[in-house]
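Okay, structure coming up:
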């Protein structure tokens with residue numbers, strides 16, 4: 046899998062509606078970046094400040110995050126180029142935050 050090399054970081058940790066938003070410019074093709082971001086198992090690689098590890102628990106994803114242990118889910122829209130990470134204390138009780146593409150999920 047291709048490595049993502051950050052070139053420029055802007056707006057890191059900008060707080061908006063309880064969400065944390067980071068913007069990074071990368072020297073990699075869009076398709077490569079999107080494929081990595083859309084893989085929940087890669088979440089600790091690109092969101093290390095938020096998620097330390099992910100694992101399957103009874104068929105659903107859980108993660109050890111800065112907010113504690115959360116159930117996690119990715120909402121992916123390749124057509125719009127949008128990826129949202131949703132997390133919460135129980136399966137189905139999620140709060141979504143935009144990761145890539147449009148400003149909100």
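Residue numbers (my numbering): 46 to 150.
Cβ coordinates follow ideal geometry from the N, Cα and C atoms, glycine included.
It should be emphasised that the depicted structure is a prediction, and the values quoted were computed from it without experimental measurement.
Would you tell me roughly how many angstroms separate the C-alpha atoms of residue i and residue j, rounded to the nearest one?
{"i": "residue 82", "j": "residue 75", "result": "10 Å"}
{"i": "residue 156", "j": "residue 106", "result": "Summary: the structure shown does not reach residue 156, with the chain confined to residues 46 through 150, and so no result is reported for it."}
{"i": "residue 152", "j": "residue 103", "result": "Here the chain covers residues 46 to 150 and nothing more, so residue 152 does not appear."}
{"i": "residue 71", "j": "residue 79", "result": "11 Å"}
{"i": "residue 111", "j": "residue 127", "result": "23 Å"}
So, under 8 Å CB-CB, residue i and residue j are touching, yes? Tell me the CB distance rounded to an integer number of Å.
{"i": "residue 131", "j": "residue 118", "result": "5 Å"}
Is the CB-CB distance between residue i and residue j below 8 Å?
{"i": "residue 99", "j": "residue 121", "result": "no"}
{"i": "residue 188", "j": "residue 115", "result": "Any property of residue 188 remains undetermined from this structure, which presents the chain solely from 46 to 150."}
For residue i, which residues from the same chain have a beta carbon less than 7 Å from its beta carbon, with the 5 sequence-adjacent residues on both sides left out?
{"i": "residue 89", "result": "96, 97, 98, 99"}
On the DSSP letters alone, give me the boundaries of the alpha helix (DSSP H) that residue i sits inside.
{"i": "residue 78", "result": "75–82"}
Could you check if residue i belongs to the surroundings of the ligand MG, using beta carbon to heavy atom distance under 7 Å?
{"i": "residue 94", "result": "This structure lacks the ligand MG, and indeed carries no ligand of any kind."}
Taking the continuous beta strand (DSSP E) assigned at residue i, which residues delimit it?
{"i": "residue 88", "result": "Residue 88 -> not in any beta strand (DSSP E); alpha helix (DSSP H) instead, spanning 88–91."}
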